[in-house]
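Note sheet for the following structure.
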Amino acid sequence: SQTIHQWPATLVQPVGSPLSLECTVEGTSNPNLYWYRQAAGRGLQLLFYSVGIGQISSEVPQNLSASRPQDRQFILSSKKLLLSDSGFYLCAWRAGLLGRETQYFGPGTRLLVL
Amino acid sequence: AQSVSQHNHHVILSEAASLELGCNYSYGGTVNLFWYVQYPGQHLQLLLKYFSGDPLVKGIKGFEAEFIKSKFSFNLRKPSVQWSDTAEYFCAVVGTGFQKLVFGTGTRLLVSP
Chain A
1 SQTIHQWPAT LVQPVGSPLS LECTVEGTSN PNLYWYRQAA GRGLQLLFYS VGIGQISSEV
61 PQNLSASRPQ DRQFILSSKK LLLSDSGFYL CAWRAGLLGR ETQYFGPGTR LLVL
Chain B
115 AQSVSQHNHH VILSEAASLE LGCNYSYGGT VNLFWYVQYP GQHLQLLLKY FSGDPLVKGI
175 KGFEAEFIKS KFSFNLRKPS VQWSDTAEYF CAVVGTGFQK LVFGTGTRLL VSP
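In order, the protein sequence lines correspond to chains A and B.
Going by the working numbering, the letters in the first sequence line up with residues 1 to 114, in that order.
Going by the working numbering, the letters in the second sequence line up with residues 115 to 227, in that order.
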């Protein structure tokens with residue numbers, strides 16, 4: 001069966017420091033992968049998605065970037081964190097036949113920028 | 115552009131009460147619809163989904179949702195809630211052929227024993 005991992009689970013970082021969050025998927029190949037940010041009272045906001053190695057689509061302009069160095073690995077990064085980057089970051093992968101796809105989410109990383 | 119509205123931000127119910135959480139979406143084409151649940155301290159889980167066919171879909175833990183195309187709605191229901199249903203519930207929609215799953219802002223449900 002497919003599983004999705006994220007680490008770290010929790011992270012406290014100072015403003016201006018770099019960031020690297022990792023997401024890996026097991027049990028599937030060439031998945032579509034997604035990064036979301038969840039902020040209280042604002043639902044989930046799609047940040048990036050990737051349909052394959054090296055292919056990244058950005059949904060909103062921001063202080064973050066994403067990379068997909070391997071088929072089942074998706075990384076969220078920042079060179080200099082801002083206070084506003086605090087939040088809960090979720091990785092997801094998409095499964096299912098064309099037109100009947102479903103996204104499944106990882107456990108998330110809670111980021112606090114101080 | 116697609117959008118999703120969840121009008122109830124906070125709902126408080128007693129155990130055994132009936133639940134209905136509203137979800138309305140804005141999109142003119144064919145859509146796939148989802149409800150996700152996030153229990154305290156846990157990750158986001160799929161509760162149920164609608165692709166086509168019978169507009170009344172049943173999910174896990176006794177939840178169901180009805181797709182009413184004319185009203186652009188996909189309301190979540192449960193006849194009798196339990197304390198363990200305390201969670202945050204998210205409605206989501208994606209237009210077929212699109213990559214982007216659009217979420218509502220969520221509804222926090224508190225069920226008192």
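Here a beta-carbon is modelled for each residue, glycine too, at the ideal position from N, C-alpha and C.
Nothing here was measured: the structure is a model prediction, and the numbers come from that model.
Hey, is residue i's beta-carbon within less than 8 angstroms of any beta-carbon in chain A?
i	result
residue 214/B	yes
residue 157/B	yes
residue 209/B	no
residue 163/B	yes
residue 219/B	yes
residue 188/B	no
residue 160/B	yes
residue 204/B	yes
Which one or two residues does DSSP pair with residue i in a beta bridge?
i	result
residue 118/B	139/B
residue 72/A	In the DSSP output, where bridge partners are listed per residue, residue 72/A has none listed.
residue 11/A	111/A
Check each candidate in the options and name the one with the smallest Cα separation from residue i.
i	options	result
residue 66/A	49/A, 45/A, 92/A, 9/A	49/A
residue 189/B	220/B, 221/B, 138/B	138/B
residue 222/B	203/B, 213/B, 208/B, 210/B	203/B
residue 99/A	147/B, 123/B, 118/B	147/B
residue 45/A	53/A, 58/A, 11/A, 52/A	58/A
residue 86/A	8/A, 112/A, 20/A	112/A
residue 142/B	224/B, 194/B, 215/B, 210/B	210/B
Determine, for residue i, whether the minimum Cβ-Cβ distance to residues of chain B falls below 8 angstroms.
i	result
residue 31/A	no
residue 104/A	yes
residue 112/A	no
residue 19/A	no
residue 49/A	yes
residue 100/A	yes
What residue range does the beta strand (DSSP E) around residue i cover?
i	result
residue 63/A	No beta strand (DSSP E) holds residue 63/A; DSSP gives it neither H nor E.
residue 163/B	159 to 164
residue 188/B	187 to 192
residue 97/A	Taken as a continuous stretch (DSSP letters only), residue 97/A belongs to no beta strand (DSSP E), as it is neither H nor E.
residue 145/B	145 to 152
residue 32/A	32 to 38
residue 54/A	Here residue 54/A belongs to no beta strand (DSSP E), and DSSP marks it neither H nor E.
residue 184/B	From DSSP, residue 184/B is part of no beta strand (DSSP E); its letter is neither H nor E.
Report the CB separation of residue i from residue j in whole angstroms; it is logged as a contact under 8 angstroms.
i	j	result
residue 116/B	residue 140/B	7 angstroms
residue 152/B	residue 218/B	About 13 angstroms; that fails the 8 angstroms criterion.
residue 22/A	residue 7/A	6 angstroms
residue 135/B	residue 125/B	7 angstroms
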